[in-house]
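Comments concern the structure below.
Number of protein chains: 2
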Amino acid sequence: MSNCCDAADLIGSIEKAMPDDDALISVAENFKVFGDSTRIKIIFALEQAELCVSHLSELMKMNQSAISHQLRILRAAKLVKPRRDGKNIYYSLDDEHISSIIRLGLEHALEAAGSNYNEEAL
Amino acid sequence: MSNCCDAADLIGSIEKAMPDDDALISVAENFKVFGDSTRIKIIFALEQAELCVSHLSELMKMNQSAISHQLRILRAAKLVKPRRDGKNIYYSLDDEHISSIIRLGLEHALEAAGSNYNEEAL
DNA sequence: TATACATATGATTATGTGTTCATGTATTAA
DNA sequence: TTAATACATGAACACATAATCATATGTATA
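Protein sequence lines correspond, in order, to chains V and E. Using my numbering, you'd call the opening residue of the first sequence number 1 and step up by one each time. Using my numbering, you'd call the opening residue of the second sequence number 1001 and step up by one each time.
Take a look at the structure:
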């Protein structure tokens, strides 16, 4: 309990407007996906061309397993999508999702979570 | 080295267009700040009112130290700014930075890093 | 079918991150 | 100046995460 001053009303109203924990966690999870330079680099690369795992592995100078693990995270976030061609699996950006997430990432996620987030300020 | 097919040219050109590691790491660092639900919640709260540490601590039902540590990260990212009033330190969103980061978060960071990121698609 | 290639995935390990505890610093008031 | 309040910060610990290794799955080809 804070004693620094009486702001029970203010805190109460903010508390009511606060999205529930699940929503907050989900917002954070979405951002977490972009919070790794390996994944950022993969997104950059796929921005320019559809690439298979071996290409990405070579490009990033990381072993194939590491790339596959990261692609799994990107797939789960619907940021990339796979396309099999024979033995290879080509990855490309899932445009629909990446543009909406990148564009709306914050405003939408935050707003959808029920905040008073000011869209116009964006 | 990949043998799945010959794409040396493609990989080479993507490699050249790729921002350097420092830039990629910096992009990821920026997103990392939003990748924690406690920080998201603090941002939500400060979206509605300027609050001191005790208020945030009470609101989030977390001890004061945890809040201070998180505020330090948000300060370092220029997302919030402190204002001392007597014994209390009131935090508010650093509008200038938060709007630019939220709005441009991706496009600016990525573009500034030298990619061919398609701004119009945003 | 057997073999090789491309990718995925479970286990392990190293490193990073968030919270707590203890303590330090700054400000106010007695 | 001393005590109390508000906040910050370093250390320790628990937990999450990313890379690696080993291995499994899926596909093409001999």
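All residues carry an ideal CB built from backbone N, CA and C; glycine is no exception.
What does the Cβ neighbour count give for residue i, buried or exposed, with the cut at 16 atoms within 10 Å?
i: Glu119(V); result: Here Glu119(V) scores only 37 on pLDDT, less than 50, and its place in the model is too uncertain to base an answer on.
i: Lys87(V); result: exposed
i: Lys1016(E); result: exposed
i: Gln1070(E); result: buried
i: Glu58(V); result: buried
i: Lys1061(E); result: exposed
i: Asp9(V); result: exposed
i: Tyr1091(E); result: buried
i: Asp1095(E); result: exposed
i: Tyr1117(E); result: Confidence is the limiting factor: at Tyr1117(E) the pLDDT is only 40, short of 50, which leaves the residue's position unreliable, though a coordinate-based value still follows. The residue in question, Tyr1117(E), is buried, as its Cβ has 16 or more Cβ neighbours within 10 Å.
In the DSSP assignment, what residue or residues form a beta bridge with residue i?
i: Pro82(V); result: Tyr91(V)
i: Phe1071(E); result: Residue 1071(E) is actually Leu in this sequence, not Phe. Its beta-bridge partners do not exist; DSSP assigns none.
i: Leu1051(E); result: Tyr1091(E)
Among the candidates the options, whose CA atom is the shortest distance from the CA of residue i?
i: Ala1007(E); options: Leu10(V), Lys78(V), Ala49(V); result: Ala49(V)
i: Ala1045(E); options: Ser13(V), Ser65(V), Val27(V); result: Ser13(V)
i: Gly1035(E); options: Asp1020(E), Ser1054(E), Ile1073(E); result: Ile1073(E)
i: Asn1030(E); options: Leu1079(E), Leu1010(E), Ala1066(E), Ser1037(E); result: Leu1079(E)
i: Val27(V); options: Ala1028(E), Ile1043(E), Met1018(E), Val1027(E); result: Ile1043(E)
i: Pro1019(E); options: Ser37(V), Met18(V), Ile25(V); result: Ser37(V)
To the nearest angstrom, how far is it from the Cα of residue i to the Cα of residue j?
i: Leu1051(E); j: Asp85(V); result: 55 Å
i: Arg1039(E); j: Arg1083(E); result: 19 Å
i: His1055(E); j: Ile11(V); result: 7 Å
i: Asn1063(E); j: Asp1022(E); result: 35 Å
i: Glu1047(E); j: Lys1041(E); result: 10 Å
i: Ala76(V); j: Val1033(E); result: 21 Å
i: Val1053(E); j: His1097(E); result: 21 Å
i: Leu1093(E); j: Ser1068(E); result: 15 Å
i: Ala66(V); j: Ile1089(E); result: 44 Å
i: Ile1025(E); j: Lys1081(E); result: 24 Å
What did DSSP end up calling residue i once you bin it into helix, strand or coil?
i: Gly1012(E); result: helix
i: Lys1032(E); result: helix
i: Lys1061(E); result: coil
i: Ala1066(E); result: helix
i: Ala1017(E); result: helix
i: Ala7(V); result: coil
i: Ala45(V); result: helix
i: Ala1121(E); result: Note that Ala1121(E) has pLDDT 36, beneath the 50 cutoff, so the model's placement of it is unreliable and no number is given.
i: Ala1077(E); result: coil
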